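J.: Our numbering puts the sequence shown at residues 1041 to 1286.
Glycine residues also receive a C-beta, built at the ideal position from the N, C-alpha and C atoms.
Treat the numbers as computed from the prediction; the structure is a model and nothing was measured.
Take a look at this one; I'll ask things after.
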Amino acid sequence: MESIKNRRTIRKYKQDDVPAALLNELLEESFRASTMGNMQLYSVVVTRNAEMKSRLAPAHFNQPMVTSAPVVLTFCADFNRFSKWCEQRKAVPGYNNFISFLNAATDALLVTQNFCTLAEEAGLGICYLGTTIYNPDQIIDLLELPELVVPVATITVGYPDECPEQPDRLPVQGIIHEEKYQDYTPSMIDQIYAYKEALPENKHFVEINHTETLAQIFTDIRYKKADNEFMSEGLKKVLKRQGFDK
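Here it is in structure tokens:
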């Protein structure tokens, strides 16, 4: 698919509406994704209302795509629906545990990627927001998610109003391991990251952030240890709150 080869993250959208029929068709097709035990452990909350998008924005650090995109989709790990079905059919569910959350989160992320691929092939643009698991408690409150439901991914959707450069990718030989994992030597690391480090825009990031290396932008500025630990604690509390703590 050429749309996969040429994909890029879209953060600016035309204000043309995404027809509900098209969106529902793409979502239905995305639900053909592989799923744990054919249980379909996911739900999707569709947000179109401007006020609701504005209320969602703080959970995503007020990234402008949340309010400017015609549609915001929140993909959730969901064991609520399946557990209720079990209870109504004289079966006792045992899915209030961490492994069940991982199974449901995996299901939801498989569907998310299916949707993104299908949406881009249909001419839509998407932006994946990794902030969903940083502030899940806010999203849970706003979307009124019950126990055993946790948001794991958010996608903004609309018709593109930009055509940015494609982001760089590591060479395949740095990612693929034949038969067994081959750990990386210092020289291999140098080779794998050489192209990324040599890009003018990345050299500019290093310069304006006054760091010595590109890696330090990730460790010292963008994804700091203290922030990771703080948000990890928050996610643990959310999993307990939503019933995945056994």
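How is the beta strand (DSSP E) around Gly-1198 delimited, first residue to last?
T.: Locating residue 1198 in the sequence shown gives position 158, where the first residue counts as 1. 1189-1198 is the span of the beta strand (DSSP E), which, as asked, contains Gly-1198.
J.: Sort out for me which residues DSSP pairs Ile-1166 with in a bridge.
T.: For this step, residue 1166 is matched to residue 126 along the sequence shown. Ile-1166 is bridged to Val-1197.
J.: Which residue's Cα is closest to the Cα of Asp-1208: Ala-1234, Ile-1229, Pro-1191 and Glu-1184?
T.: To locate residue 1208, count along the sequence shown from 1; it is residue 168. Nearest of Ala-1234, Ile-1229, Pro-1191 and Glu-1184 to Asp-1208, Cα basis: Ala-1234.
J.: Classify Gln-1222: buried if its beta carbon has 16 or more other beta carbons within 10 angstroms, exposed otherwise.
T.: Looking up residue 1222 in the sequence shown gives position 182. Exposed, because fewer than 16 other Cβ atoms sit within 10 Å of the Cβ of Gln-1222.
J.: Considering only the beta carbon of each residue, do Leu-1188 and Asn-1120 sit closer than 7 Å?
T.: Indexing the sequence shown from 1 puts residue 1188 at position 148. Indexing the sequence shown from 1 puts residue 1120 at position 80. In this structure, Asn-1120 lies closer than 7 Å to Leu-1188 by Cβ.
J.: Take the Cβ of Met-1041 as the centre, count every other Cβ of all protein chains shown within 10 Å, and call the residue buried at 16 or more, exposed below.
T.: Reading the sequence shown from its first residue, position 1 is the one you call residue 1041. With fewer than 16 Cβ atoms within 10 Å of its Cβ, Met-1041 is classed as exposed.
J.: For my contact list, Tyr-1053 and Gly-1165 are in at a C-beta cut-off of 8 Å; report their separation, rounded to the angstrom.
T.: Looking up residue 1053 in the sequence shown gives position 13. Looking up residue 1165 in the sequence shown gives position 125. Separation of the CB atoms of Tyr-1053 and Gly-1165 is rounded to 6 Å, and the pair is thereby assigned contact status at 8 Å.
J.: Since Gln-1206 contacts Arg-1048 with CB under 8 Å, what's their CB separation in whole angstroms?
T.: As a position in the sequence shown, residue 1206 is number 166, starting the count at 1. As a position in the sequence shown, residue 1048 is number 8, starting the count at 1. The Cβ separation is near 5 Å, so the contact holds.
J.: Does DSSP put Phe-1270 in a helix, in a strand, or in coil?
T.: Here residue 1270 refers to the residue found at position 230 of the sequence shown. It is helical.
J.: Report the rounded CA-to-CA distance for Lys-1286 versus Thr-1107, giving the unit in angstroms.
T.: Mapped onto the sequence shown, residue 1286 falls at position 246. Mapped onto the sequence shown, residue 1107 falls at position 67. C-alpha separation (whole angstroms): 37 Å.
J.: Tyr-1233 lies in the alpha helix (DSSP H); which residues open and close that run?
T.: Your numbering for residue 1233 matches position 193 in the sequence shown. Judged by DSSP secondary structure, Tyr-1233 falls within the alpha helix (DSSP H) whose first and last residues are 1226-1238.
J.: Go to Leu-1113, then tell me how far its beta strand (DSSP E) extends in each direction, as first and last residue.
T.: Translated into the one-based positions of the sequence shown, residue 1113 becomes position 73. From DSSP, the beta strand (DSSP E) with Leu-1113 extends over 1111-1118.
J.: Quick one: any contact between the stretch 1084-1101 and the stretch 1164-1182, if contact means 3 or more CB pairs under 8 Å?
T.: yes
J.: Got a sec? Which residues, its chain only, sit under 7 Å from Gly-1214 by beta carbon, not counting five neighbours each side?
T.: As a first step, residue 1214 must be located in the sequence shown, where it is residue number 174. So the qualifying residues of the chain are Ile-1232.
J.: Could you give the distance in angstroms between the alpha-carbon of Ile-1216 and the alpha-carbon of Ile-1229?
T.: The residue labelled residue 1216 in the question sits at position 176 within the sequence shown. The residue labelled residue 1229 in the question sits at position 189 within the sequence shown. When rounded, the distance between both Cα atoms is 14 Å.
J.: Thinking C-alpha only, which one of Asn-1154, Ala-1117, Pro-1226 and Phe-1245 is nearest Asn-1137?
T.: For this step, residue 1137 is matched to residue 97 along the sequence shown. The option with the nearest alpha carbon to Asn-1137 is Ala-1117.
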